[in-house]
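There are 2 protein chains.
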Amino acid sequence: MTIEGKHIIIDGFECDSLHLNNIAFLENLCKKAALDAGMEILYSYFHQFQPQGVTGVLVLSTSHLSIHTWPEERYASLDFYTCGDSDLTAPVNLLLKELSAQKAMVYSIDRGVTQPQLIYCNEITTTDNSKGENKNVSTD
Amino acid sequence: MTIEGKHIIIDGFECDSLHLNNIAFLENLCKKAALDAGMEILYSYFHQFQPQGVTGVLVLSTSHLSIHTWPEERYASLDFYTCGDSDLTAPVNLLLKELSAQKAMVYSIDRGVTQPQLIYCNEITTTDNSKGENKNVSTD
Chain D
1 MTIEGKHIII DGFECDSLHL NNIAFLENLC KKAALDAGME ILYSYFHQFQ
51 PQGVTGVLVL STSHLSIHTW PEERYASLDF YTCGDSDLTA PVNLLLKELS
101 AQKAMVYSID RGVTQPQLIY CNEITTTDNS KGENKNVSTD
Chain B
141 MTIEGKHIII DGFECDSLHL NNIAFLENLC KKAALDAGME ILYSYFHQFQ
191 PQGVTGVLVL STSHLSIHTW PEERYASLDF YTCGDSDLTA PVNLLLKELS
241 AQKAMVYSID RGVTQPQLIY CNEITTTDNS KGENKNVSTD
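Order-wise, the sequence lines are chains D and B. Numbering follows the working numbering, in which position 66 of the first sequence is assigned residue number 66; successive positions increment by one, without gaps. Here the working numbering runs 140 ahead of the position in the second sequence, where the first position is 1.
Pasting the structure below:
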């Protein structure tokens with residue numbers, strides 16, 4: 001397995017609060033995103049905070065997918081890190097769409113690279129408030 | 141709990157191969173780094189690959205600490221993400237020291253921020269090959 005990988009960092013804002021507090025929804029969503037990307041899930045751990053908030057991690061044979069949510073702030077932070085050269089564009093768009101994120105800061109980092117990188121932010125917003133109408137974001 | 145947090149991304153090169161394949165060593169090291177930083181560990185999952193390599197995640201009440209290792213390449217990728225304003229400099233230096241990383245690319249990302257950031261790399265190297273003599277790295 002190559003040491004080089006792709007790490008997509010997502011800060012999603014103005015999400016659907018109910019979804020952000022629904023542990024089953026979030027676990028199913030993350031599993032779908034990982035499986036759609038062809039990942040093997042080694043382990044899944046999701047935790048419900050009280051009075052609200054969920055934190056979860058999928059341990060993958062090719063690294064991990066994590067989510068931490070703050071329903072009261074309509075904010076979710078996600079990390080999707082996989083070694084190899086999988087294209088994560090579709091699963092990242094799925095995550096943003098299903099969380100109904102109206103705005104997101106997306107960073108893409110090449111892991112396992114021995115030279116310093118300058119990391120730019122890909123800011124995405126949607127002017128359509130209907131669920132699932134985020135602009136697509138490329139993770140390349 | 142504030143949505144703002146600090147995410148330290150570490151790509152460690154020229155590490156100690158034996159340590160990178162020692163699941164008990166790595167789990168204990170990660171737990172020590174997290175506890176030293178005042179974190180609460182909700183769950184720990186570490187997996188030993190065959191013929192070599194370890195992947196592990198600590199789920200924290202304040203996000204997560206993950207490690208993925210490639211002993212054959214002397215490479216370890218780590219993520220230490222915590223909400224709040226904890227100073228992660230000491231635990232990050234502990235991780236690099238105990239893995240005997242001779243070179244590392246370290247990125248620090250402020251999570252939960254609604255404005256785009258430009259992320260710079262903090263490259264660290266050590267000319268001293270003895271264990272634990274890495275230059276210190278600030279995560280501020």
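The beta-carbon is built from N, C-alpha and C at its ideal position, and this holds for glycine as well. These figures come from a predicted structure and were not determined experimentally.
Residues of its chain near Q117(D), where Cβ-Cβ distance is below 8 Å and the 5 sequence neighbours each way are ignored: I109 and D110
Helix, strand or coil at C15(D) [DSSP, three-state]: coil
Per-residue contacts from H204(B) into chain D (C-beta, under 9 Å): T55, V57, H64, S66, H68 and D79
Nearest-angstrom Cα separation, counted from I124(D) out to Y107(D): 11 Å
Limits of the unbroken alpha helix (DSSP H) element including F25(D): I23 to D36
Rounded C-alpha distance that separates L60(D) from S217(B): 14 Å
Rounded straight-line distance, which links the Cα of I207(B) to that of Y260(B): 21 Å
Contact with chain D by I143(B), beta-carbon distance below 9 Å: yes
Distance, S100(D) Cα to E154(B) Cα: 42 Å
Proximal residues to A90(D) (C-beta, below 8 Å), its chain only, five neighbours per side dropped: D36 and A37
DSSP beta-bridge partners of Y158(D): The question about residue 158(D) has no answer, for chain D in this structure spans 1 to 140.
L94(D) beta carbon less than 9 Å from that of L29(D): yes
Chain-ordered neighbours of C121(D) on chain B, where CB pairs are closer than 7 Å: P256 and Q257
Three-way DSSP call (helix, strand, coil) for V232(B) in this model: helix
DSSP three-state assignment for K131(D), whether helix, strand or coil: The predicted position of K131(D) is uncertain, since its pLDDT is 45 and thus under 50; no value can be drawn from it.
As assigned by DSSP and simplified to three states, the class of L99(D): coil
Element boundaries [beta strand (DSSP E), containing I41(D)]: I41 to Q48
Cβ-Cβ distance between V57(D) and H187(B) below 9 Å: no
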